[in-house]
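Chains as they are written, first to last, in this note's numbering: chain U, 1 to 124; chain E, 125 to 248.
Ideal Cβ placement from N, Cα and C applies to all residues, glycine included.
Every value quoted in this text rests on a predicted model; they were computed, and no experiment measured them.
Working notes, structure below.
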DNA sequence: CGGAATCCATGGTGATACTG
DNA sequence: CAGTATCACCATGGATTCCG
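Structure below.
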């Protein structure tokens, strides 16, 4: 289980990388509220570039977490939504977010202590 | 809560980036079994470079998740261990790992479907 | 509207060599 | 043993432009 080359660990690692990237969680959490069109997502996540949103959605679609429905009208319309698999991911993500929120203060405090100690070391 | 510039979201995002990097989870999960010295960690995580292990441990220490105890003997000895905060992170991480393990098959299947569909599109 | 393609800057990462 | 320092590389991501 600790061998990083084992298939299980590689899969977990891949998943964590996907979770860890800047946009996946934002997209999943936004889509968690309901299906969205491409530019709706852009509006709700103003800091994401078009390129990164496209790539993020492609990856999520490839992993089977997000569905992509094209309506070939004019103008074209593309709806994204969470699949059941995507929805099921929201719980563990929520657990992680809850942990983060509960421990923001402790982490920031630790960081300040660490940085202060580092400065002190420089001064000495 | 969806504003990526809000302090809460930035903290979560930072945490997720830390979790998402290749080494943090491996280190935390290894240290979860008990304190380890620097080279013990290297041996248990063979794929990590010395540099990356150092950087990962520094970040974890700065965040207050890992403690670093130096024994200035000859040869020098440095012990790393999870702090209580670090231990508390193991639960949400475990939840995520459990999810990943439970859904490895579904994800791989989705990926193969996606790639097959992409190949088909190229062939057409 | 919903992309794809291209260019380019930045930084994360590894390999190597050196130090206390 | 436990690092630090330096370099070189390549993937990530932003900005811009073009297309169906």
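Query, Result
"Taking C-beta pairs closer than 7 Å, name the residues in chain E that residue 21 of chain U reaches, listed in chain order.", "144"
"Using a Cβ-Cβ distance under 8 Å, would residue 123 of chain E count as near chain U?", "In the structure as shown, chain E begins at 125 and stops at 248. Residue 123 of chain E is therefore absent and cannot be evaluated."
"Could you give the C-beta distance for residue 18 of chain U and residue 59 of chain U, rounded to a whole number, given that I count them as a contact under 8 Å?", "6 Å"
"Hey, residue 82 of chain U and residue 65 of chain U: beta-carbon distance below 8 Å or not?", "yes"
"Take every Cβ of the stretch 213-223 of chain E, pair it with every Cβ of the stretch 40-58 of chain U, and state whether three or more of those distances are shorter than 8 Å.", "no"
"Considering only the alpha carbon of each residue, which of U:114, U:115, U:80 and U:23 lies closest to residue 39 of chain U?", "U:80"
"Using only the alpha-carbon positions, how far apart do residue 72 of chain U and residue 63 of chain U sit?", "24 Å"
"Just to confirm before moving on: does the CB-CB distance between residue 136 of chain E and residue 154 of chain E stay below 8 Å?", "no"
"Give me the Cα-Cα distance between residue 160 of chain E and residue 114 of chain U, rounded to the nearest whole angstrom.", "21 Å"
"Should residue 50 of chain U be flagged as near chain E, meaning a C-beta pair shorter than 8 Å?", "no"
"If we count the other Cβ atoms within 10 Å of its Cβ and call it buried at 16 or more, is residue 178 of chain E buried or exposed?", "exposed"
"Looking at residue 177 of chain U: is its Cβ nearer than 8 Å to the Cβ of residue 144 of chain E?", "Nothing about residue 177 of chain U can be read from this structure; chain U reaches only from 1 to 124."
"Between residue 89 of chain U and residue 28 of chain U, how many whole angstroms is the CB-CB distance? I'm expecting something under 8 Å.", "6 Å"
"Measuring only the C-alpha atoms, how far is residue 230 of chain E from residue 244 of chain E?", "21 Å"
"Which word fits residue 100 of chain U, buried or exposed, when buried means at least 16 other C-beta atoms lie within 10 angstroms of its C-beta?", "buried"
"Specify, as a first and last residue, the run of the beta strand (DSSP E) that residue 135 of chain E falls within.", "It is not in any beta strand (DSSP E) - residue 135 of chain E instead sits in the alpha helix (DSSP H) that spans 131-144."
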